[in-house]
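Data first, discussion second: the structure below is written as structure tokens.
2 protein chains.
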Amino acid sequence: MIRTRPTLNQVAELAGVSIASVSRALNGRSASANTVERVRAAAAELGYVPDATARSLKLGHALQIAFAVDDVGNPVYVEMMRAIEEVVRKSGYRLVVSSTGSRPSEAIDLVNSLSRGYADGMIISPLRITDDLIVALQTATVPVVVIGSLPQDIDIDTVQTDSAQGVVLAYQHLRDMGRERIAFINGPADTTPGRARARGYGEAARAAGSSDPSVLTMPATDFTVAAGLDAGRELLTRHRATDGSLTIDALIAANDLLALGAIHAAVESGLDVPGDLAIVGVDDIEIASVYNPTLTSVSLQSAARGRHAGEILLQRIASPGMSARRVLVPPELVVRASSKSPTPPSGRVNP
Amino acid sequence: MIRTRPTLNQVAELAGVSIASVSRALNGRSASANTVERVRAAAAELGYVPDATARSLKLGHALQIAFAVDDVGNPVYVEMMRAIEEVVRKSGYRLVVSSTGSRPSEAIDLVNSLSRGYADGMIISPLRITDDLIVALQTATVPVVVIGSLPQDIDIDTVQTDSAQGVVLAYQHLRDMGRERIAFINGPADTTPGRARARGYGEAARAAGSSDPSVLTMPATDFTVAAGLDAGRELLTRHRATDGSLTIDALIAANDLLALGAIHAAVESGLDVPGDLAIVGVDDIEIASVYNPTLTSVSLQSAARGRHAGEILLQRIASPGMSARRVLVPPELVVRASSKSPTPPSGRVNP
DNA sequence: CTGTTAGCGCCTTCAG
DNA sequence: CTGAAGGCGCTAACAG
């Protein structure tokens with residue numbers, strides 16, 4: 182049977198003092214040693230714990246932070262979540278995680294329901310940033326920090342990375358490894374990261390002499406392993422010469438989940454990775470380092486982004502007057518086996 | 182600047198009616214069409230949204246469900262989380278996710294803080310179930326559902342699976358595939374799943390004629406990929422003959438993350454999986470189906486367990502008087518490439 | 001149908 | 001140092 186929760190009143194009655202004294206004794210305000218002692222005893226006997234809701238109503242804050250993402254299944258968000266939780270819990274906040282799904286309307290509903298005051302602040306990392314969402318963010322009644330890229334003129338705290346630059350790093354790395362025809366599996370083109378990464382790929386490809394980067398681009402329907410598998414299969418059948426040989430020798434995937442799916446597609450079709458096809462992902466999720474082959478990836482430092490977002494949000498809650506901040510976390514290439522050179526010099530032994 | 186939130190009072194004033202009428206108009210209780218109209222207009226003009234905290238205090242529930250796990254990084258918990266969220270959100274509840282870390286004391290603190298009433302119920306899936314935790318669970322002031330195995334006589338709702346049986350399935354499958362010496366990488370032995378899976382392995386091994394299953398058992402320090410990598414490396418160096426050949430031909434890992442780490446350890450040491458070493462995991466996480474090789478795994482149906490837990494919790498919140506329920510979700514073997522036969526019949530073509 | 005009123009449980013002036 | 005009282009924003013009787 183569920184035990185019913187004792188209230189301040191019952192503690193007061195048992196201790197033989199007023200509820201005000203109980204409150205003070207328990208919260209460390211001025212009270213005589215005698216009172217404190219009796220209150221403590223009474224509270225312990227009843228198993229009293231203050232009611233969070235009543236406290237919130239009185240104090241005006243919920244001690245909760247909301248974190249909203251499109252898909253909690255993506256390890257990137259899990260990493261952010263851990264980092265955020267670690268930061269905010271030190272200040273006494275709980276983390277409420279919401280998976281909004283891909284429809285921006287859901288995210289907007291969520292932001293608006295925040296106005297109901299169940300959370301004291303929000304961190305959101307949306308894949309699709311619509312005008313409506315921006316309006317909702319701007320008119321929210323609690324502080325909001327966005328992990329992602331907002332238009333420059335929007336006055337909202339932002340933690341962003343340069344994923345276009347990340348893809349450029351990947352491209353250049355593959356060129357350095359001697360790859361000539363580098364394809365690109367993007368996520369949905371209507372997402373913010375999708376657009377940014379396509380831009381990076383386009384820039385890098387053109388700089389390398391490609392006249393039309395889009396011919397080697399394959400959009401996936403989502404940023405997931407399953408979508409990467411589909412896109413990978415499609416890409417591989419599309420870029421075969423009539424003799425069955427591959428007409429591409431490298432592949433950048435817009436994130437690691439897509440890359441994993443794509444590698445699997447390559448392997449299942451009998452290709453050697455990286456021998457026949459080098460593959461680079463983006464995000465550097467944990468599995469990247471133990472996949473077979475290990476996956477070269479561009480780290481977007483999810484944990485660091487989460488940490489920054491948490492800290493900024495805490496600061497803004499403390500001082501709402503601050504002007505909006507933008508912190509930029511740089512991408513970093515992490516080289517592993519999946520992008521090794523196709524023609525290892527033979528007759529030489531590894532040092 | 183953060184917009185300040187309008188209250189019922191201000192809406193009432195603007196609409197020229199009492200706050201009670203506003204409340205009724207907004208909540209669809211009896212009110213004249215005229216009143217409803219004016220209240221709606223006033224609320225819209227002010228951008229009014231009811232305060233969740235005040236509402237909770239009055240109504241006596243927080244409309245939140247807490248989900249506590251040791252490590253949100255494990256895809257199993259993410260799967261459960263999604264399933265739970267889907268179930269509870271239909272009834273208007275938000276999901277608060279907490280990562281407790283491995284110390285049972287943290288979980289106990291969390292359970293106790295639930296008594297603060299910030300959540301109306303809790304689902305917890307603890308790796309380590311101590312007596313103290315059970316006491317905390319029993320004395321919690323809100324309904325609790327445990328995903329995991331509790332002692333039989335404990336009167337708490339439980340959703341469990343039979344992971345010992347799951348390991349038996351894995352063992353028998355490997356025997357069927359012609360494997361003779363089947364090793365076992367367990368998680369920490371002081372965890373509930375660790376003990377259950379060790380028991381299953383012991384039973385199966387003894388049934389197959391092994392006198393001491395412990396000689397082929399290697400405990401990992403955690404249920405993670407990193408721990409699996411370490412344990413795999415250790416296991417592989419330990420079970421080499423003097424000529425360098427492997428003295429085991431199969432391996433069961435207590436979960437998929439460990440299995441992934443172990444496969445990687447095998448591959449990096451030049452072994453062929455499944456040629457030299459067949460590997461089976463437990464949990465059937467998504468990556469299992471796209472790892473190279475694809476991982477044979479025993480599904481413990483995390484999504485189904487999460488769904489059941491959510492439904493049971495909702496029922497109990499609705500009718501606290503119900504006697505405790507136990508639902509059992511059976512394990513299911515999912516065969517993939519990592520456990521294929523070591524000696525494929527040659528001279529034959531696949532149909 | 002509508003307004004007034006009494007709390008939900010807690011914290012915090014304000015007197016004493 | 002302590003008790004009484006007001007009120008955070010809302011809903012649910014209760015009268016009218």
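In order, the protein sequences belong to chains E and S.
Per the working numbering, the very first residue in the first sequence carries number 182; after that it's consecutive.
Per the working numbering, the very first residue in the second sequence carries number 182; after that it's consecutive.
For each residue, glycine too, the CB sits at the ideal point set by N, CA and C.
Not a single CB atom of chain S sits nearer than 8 Å to the CB of Gly-487(E). Taking CB atoms only, Arg-186(S) has a neighbour in chain E less than 8 Å away.
Looking from the CA of Glu-226(E), the closest CA among Ile-460(E), Val-192(E), Ser-204(E) belongs to Val-192(E).
When C-beta atoms of the region 246 to 253 of chain S are compared with those of the region 205 to 219 of chain S, fewer than three pairs fall below 8 Å, so the two segments do not count as touching. In this structure, the straight-line span from the alpha carbon of Gly-298(E) to that of Gln-333(E) is close to 28 Å.
Its chain contains Ala-223 as the residues whose beta carbon lies nearer than 6 Å to that of Leu-195(E), once the 5 sequence neighbours on both sides are disregarded; these appear in chain order.
When C-alpha distances from Ile-335(S) are compared across Val-516(S), Arg-506(S), Ser-519(S), the shortest belongs to Arg-506(S).
Taking 8 Å as the threshold, the shortest C-beta distance from Arg-284(S) to chain E does not fall below it. Between Ser-520(E) and His-354(E), the CB-CB gap stays under 8 Å. The three-state secondary structure of Ile-328(E), taken from DSSP, is strand. In terms of Cβ geometry, Thr-234(S) and Thr-234(E) form a close pair [threshold 8 Å].
Inside the region 435 to 466 of chain E, DSSP marks whole beta strand (DSSP E) runs of 3 or more residues at positions 459 to 464, from first to last along the chain.
Ala-412(S) is positioned such that its CB atom lies closer than 8 Å to that of Ala-443(S). For Leu-189(E) and Ser-202(E), the gap between their C-alpha atoms comes out near 10 Å.
Listed along chain E are Thr-234, each with a C-beta nearer than 7 Å to that of Ser-237(S).
Taking 9 Å as the Cβ-Cβ cut-off, the region 470 to 486 of chain S approaches chain E at Ser-470, Val-471, Tyr-472, Asn-473, Pro-474, Thr-475, given in chain order.
Proximity to Glu-266(E) across Ser-280(S), Leu-439(S), Gly-487(S), Lys-271(S) peaks at Ser-280(S), based on C-alpha coordinates. For the C-beta of Pro-324(E), the chain S residues within less than 8 Å are, from N- to C-terminus, Ile-183. Taking C-beta separations shorter than 6 Å and ignoring five residues to either side along the sequence, the partners of Val-340(S) in its chain run Ile-328, Arg-486, His-489, Ala-490, Val-508, following chain order.
Membership of Gly-381(E) in the alpha helix (DSSP H) is indicated by the continuous run 373 to 388.
Between Ile-460(E) and Asp-437(E) the beta-carbon gap is near 10 Å, outside 8 Å, which marks them as no contact. Excluding residues up to 5 positions away in sequence, Asp-430, Ala-431, Ala-459 lie with their Cβ nearer than 6 Å to the Cβ of Arg-360(S) in the same chain. Exposed is the label assigned to Pro-511(E), since fewer than 16 other Cβ atoms lie within 10 Å of its Cβ. Neighbours of Arg-297(S) across chain E, judged by C-beta separation under 7 Å: Val-230, Pro-231, Asp-232, Ala-233. Look at Ser-500(S): its C-beta is not under 8 Å from any C-beta on chain E. Residue-level contact by beta carbon holds for Arg-275(S) and chain E, with a gap shorter than 8 Å. Within chain E, the residues placing a beta-carbon under 7 Å from that of Ser-280(S) are Arg-263, Glu-266, ordered along the chain. The CB of Ile-444(S) comes closer than 9 Å to the CB of Val-471, Asn-473 in chain E, given here in chain order. Remark: C-beta atoms of Asp-313(E) and Ile-289(E) approach each other more closely than 8 Å. The shortest CA-to-CA distance from Met-503(S) to any of Thr-418(S), Asp-357(S), Ala-518(S), Val-325(S) is the one to Val-325(S).
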